[in-house]
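All the letters of the sequence shown, read from the start, carry residue numbers 27 to 327 under our numbering. Accompanying notes for the structure given below.
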Amino acid sequence: MPARGSGPEFRPRGYRQQKEARARKMRLLGGAAVLVVVVAVVAAVAIVLLGGGNGVPATVANSTGNTPTPYSVGGTDGGPSPQLELPASRYLPEVKDMPKGNDVYPNDTFALSSLAFATTAGIFTTTNEGENSAAEWGYQDGYQATFQPRGLTADVAKGQYYTTVNTYLFATDTGAHAAYIAFESKYGTLKGSERLQGVKGLGNESSAWKYESGTVGPTDITAVYHRFIFRRGSMVAVVQTYGGLPYMSIDKARELAIVVDDKALGNRPAPTPTPAPSNGAIVVPTPTPAPSSGTTVAPAR
Numbered sequence: 027m028p029a030r031g032s033g034p035e036f037r038p039r040g041y042r043q044q045k046e047a048r049a050r051k052m053r054l055l056g057g058a059a060v061l062v063v064v065v066a067v068v069a070a071v072a073i074v075l076l077g078g079g080n081g082v083p084a085t086v087a088n089s090t091g092n093t094p095t096p097y098s099v100g101g102t103d104g105g106p107s108p109q110l111e112l113p114a115s116r117y118l119p120e121v122k123d124m125p126k127g128n129d130v131y132p133n134d135t136f137a138l139s140s141l142a143f144a145t146t147a148g149i150f151t152t153t154n155e156g157e158n159s160a161a162e163w164g165y166q167d168g169y170q171a172t173f174q175p176r177g178l179t180a181d182v183a184k185g186q187y188y189t190t191v192n193t194y195l196f197a198t199d200t201g202a203h204a205a206y207i208a209f210e211s212k213y214g215t216l217k218g219s220e221r222l223q224g225v226k227g228l229g230n231e232s233s234a235w236k237y238e239s240g241t242v243g244p245t246d247i248t249a250v251y252h253r254f255i256f257r258r259g260s261m262v263a264v265v266q267t268y269g270g271l272p273y274m275s276i277d278k279a280r281e282l283a284i285v286v287d288d289k290a291l292g293n294r295p296a297p298t299p300t301p302a303p304s305n306g307a308i309v310v311p312t313p314t315p316a317p318s319s320g321t322t323v324a325p326a327r
């Protein structure tokens, strides 16, 4: 018997072929591992770009990937404080400024007389108080426009939203400032209303607000209002959106507020609307407004 270790170790027949096969297998496995890593990196980048997979741009999603953070940083923060020309409707967004699939909701779109301002603004305890304040502040004109998705709340449950924009004109920027403070005070004391921080300013003064209320239609999706209020010279504007909490942030309201402010500054055309709804302008006969179209108005179902 040969001494242990003196002869070659026993290897089954075809060792060389098996060795070569193993080498080929290792090369294939190594390539597959690299491919897996590359795919994982690409997937990670895609998730970041899509904001955590929720359809939110990378600059919007926060670390949770669910709650959007402000990305609206355009517009003019500060600047001139002009005395703006009538009518108030000329500063409103048009259908072309809205998301695709949105139309004007005529029943909640109308001119705002001083009485309508007193009853629909949502910042007064009584109509008499509203009329007195309107006179004191030099209220001149106002307009409200509401836009709705064509699928109504069914579309809201999928990420669309209602929008209501109010523009109010006063005789002086001092009167407009007093009205702005009244709006801000009301929103600040409304139970459940949250003032949002870290939102870029717009106009001569501005603030951003969030208010959760109920659910979207028959779904279990939490409904949320976002409001962006600002003053530019003698105008106060309030932009409100209503949508599903997972889809909404203050940015949608602020982006439309930029449209209003740009018209006030002359950066966009601000023609006086003509009575022809087909042109997308805000042009609907003035109905008798209901008080419910004020601070916490819920869209039509």
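Glycine included, C-beta positions come from ideal geometry on N, C-alpha and C.
N- and C-terminal bounds of the alpha helix (DSSP H) containing residue i
| i | result |
| --- | --- |
| Asn-154 | 153–163 |
| Ala-283 | 277–291 |
| Thr-141 | Here the sequence assigns Leu to residue 141, which means Thr is not the residue at that position. Here the alpha helix (DSSP H) through Leu-141 covers 140–146. |
| Asp-181 | 178–182 |
Residue i vs residue j beta-carbon contact at 9 Å
| i | j | result |
| --- | --- | --- |
| Leu-138 | Tyr-117 | no |
| Ala-249 | Val-286 | no |
| Ser-239 | Glu-210 | no |
| Val-182 | Gly-105 | no |
| Phe-196 | Gly-164 | yes |
| Pro-108 | Ala-290 | yes |
| Gly-101 | Arg-280 | yes |
| Ser-115 | Thr-267 | no |
| Gly-201 | Glu-157 | no |
| Ser-275 | Ala-204 | no |
| Leu-110 | Gly-229 | no |
| Thr-152 | Leu-141 | no |
Paired residues, beta bridge with residue i - DSSP
| i | result |
| --- | --- |
| Gly-270 | Ala-249 |
| Arg-221 | Trp-235 |
| Phe-256 | Ser-232, Ala-263 |
| Gly-168 | Tyr-194 |
| Ala-296 | In DSSP, Ala-296 forms no bridge with anything. |
| Pro-175 | Asn-128 |
| Asp-103 | Gly-229 |
| Phe-136 | Gln-170 |
| Tyr-188 | Tyr-268 |
Where residue i falls, given that 16 or more other Cβ within 10 Å makes a residue buried
| i | result |
| --- | --- |
| Val-99 | exposed |
| Leu-7 | Given that the chain is displayed from residue 27 to residue 327, the structure contains no residue 7 and the question cannot be resolved. |
| Ile-284 | buried |
| Gln-43 | With a pLDDT of 42 at Gln-43, under the threshold of 50, the modelled position of this residue cannot be trusted, and the question is left open. |
| Thr-146 | buried |
| Pro-175 | buried |
| Gly-214 | exposed |
| Gln-186 | buried |
| Gly-177 | exposed |
| Thr-135 | buried |
| Gln-223 | exposed |
| Gly-292 | exposed |
| Lys-236 | buried |
| Ala-58 | In this prediction, Ala-58 has a pLDDT of 43, which is less than 50 and means its spatial position is unreliable; what the coordinates show is noted afterwards. With fewer than 16 Cβ atoms within 10 Å of its Cβ, Ala-58 is classed as exposed. |
Supposed close pair residue i, residue j - CB separation, criterion 8 Å
| i | j | result |
| --- | --- | --- |
| Gly-148 | Lys-212 | 7 Å |
| Thr-179 | Thr-190 | Contact flag wrong, Cβ pair sits at about 15 Å. |
| Thr-193 | Met-124 | Contact doesn't hold; Cβ gap of about 16 Å is too wide. |
| Arg-257 | Glu-231 | 5 Å |
| Ser-271 | Ile-255 | The question names Ser, but residue 271 is Leu in the sequence shown. Actually they do not touch by this definition, with Cβ atoms about 21 Å apart. |
| Asp-103 | Lys-278 | Incorrect: roughly 18 Å between the Cβ atoms, too far for contact. |
| Pro-132 | Leu-282 | Going by Cβ atoms, the distance from Pro-132 to Leu-282 rounds to 19 Å, so no, they are not a contact pair. |
Heavy atom of the ligand MN within 8 Å of residue i beta-carbon
| i | result |
| --- | --- |
| Val-264 | Inclusion of the ligand MN in the displayed structure is not the case, the ligand content being empty and no account of it being possible. |
Where the beta strand (DSSP E) containing residue i begins and where it ends
| i | result |
| --- | --- |
| Ser-374 | Nothing in the structure corresponds to residue 374, since the chain is present only between 27 and 327. |
| Leu-110 | Where Leu-110 is concerned, there is no enclosing beta strand (DSSP E), given that its DSSP letter is neither H nor E. |
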